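Asker: Below are the structure tokens for one structure; questions will follow.
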Amino acid sequence: MLRSTWDEYFMSIAIQVAQRSTCSRKHMGAVLVRDHYILTTGYNGSVLGLDHCDDVGHIMDADCESCIRTVHAEANAVAQAAYNGVSVKDSKIYVTSFPCFSCFKLLANSGVKHIIYREEYQVDDKVFDLAVQLGLRIDRIE
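Using my numbering, you'd call the opening residue of the sequence shown number 12 and step up by one each time.
Set out below in structure tokens:
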């Protein structure tokens, strides 16, 4: 048996975390890591204390055809860190799909320095352009 690389290991955890998603439109998982230690995880789900999409239905945004009841996995991982007083400065995030533009901005402002994603889903070239300007690394692994 071959030993997994760190990237494979953390991405496999992100895939497992995605199974907790409560919005059936897109199951996403995220794992924030620094120095090979997991800081937090996050998955697509409703605002804490509110009903889940899978239980009561989606709230759709007509402009972008996406569910706005759901907090994205990346945002939930950052929120969990803030809730527990954990800095994500200089961390990496492993996400099962390419982050949306809003999540990218949140990750950049939170101090995340490296985004590693698995699936190309609604890839936005603006993310790559800004990442270069910020010195924020983005890599895809399968």
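Beta carbons are placed, not taken as given, at the ideal position from N, Cα and C, and that holds for glycine.
Note that the coordinates shown come from a computational prediction; the quantities given were computed from them, not determined experimentally.
Pop quiz: Glu-131 and Phe-109 are said to be a contact at Cβ under 8 angstroms. What is the actual Cβ separation, rounded to whole angstroms?
Answerer: Rounded, the Cβ-Cβ distance is 6 angstroms, consistent with contact.
Asker: Within the same chain, show all residues whose beta-carbon is closer than 8 angstroms to that of Ser-23, passing over the 5 residues directly before and after it, in chain order.
Answerer: Closer than 8 angstroms at the Cβ level, and outside the excluded window around Ser-23, lie Ser-15.
Asker: Would you list the residues sitting across from Thr-107 in a DSSP beta bridge?
Answerer: For Thr-107, which the question treats as bridged, DSSP gives no partner whatsoever.
Asker: Distance check for Met-12 and Cys-114, CA to CA, integer angstroms please.
Answerer: Rounded to whole angstroms, Cys-114 to Met-12 spans 36 angstroms at the Cα level.
Asker: Distance, Cα to Cα, Tyr-94 vs Cys-34?
Answerer: Cα to Cα, the separation comes out at about 22 angstroms.
Asker: What's the C-alpha gap between Arg-45 and Cys-64?
Answerer: Each residue's alpha carbon lies about 32 angstroms from the other.
Asker: Considering only the beta carbon of each residue, do Glu-53 and Ala-88 sit closer than 8 angstroms?
Answerer: Rather than Glu, the amino acid found at residue 53 in this sequence is Gly. The answer is yes: Cβ separation under 8 angstroms.
Asker: Going by the beta-carbon positions, is the gap between Ile-126 and Leu-145 smaller than 8 angstroms?
Answerer: Going by C-beta atoms, Ile-126 is not nearer than 8 angstroms to Leu-145.
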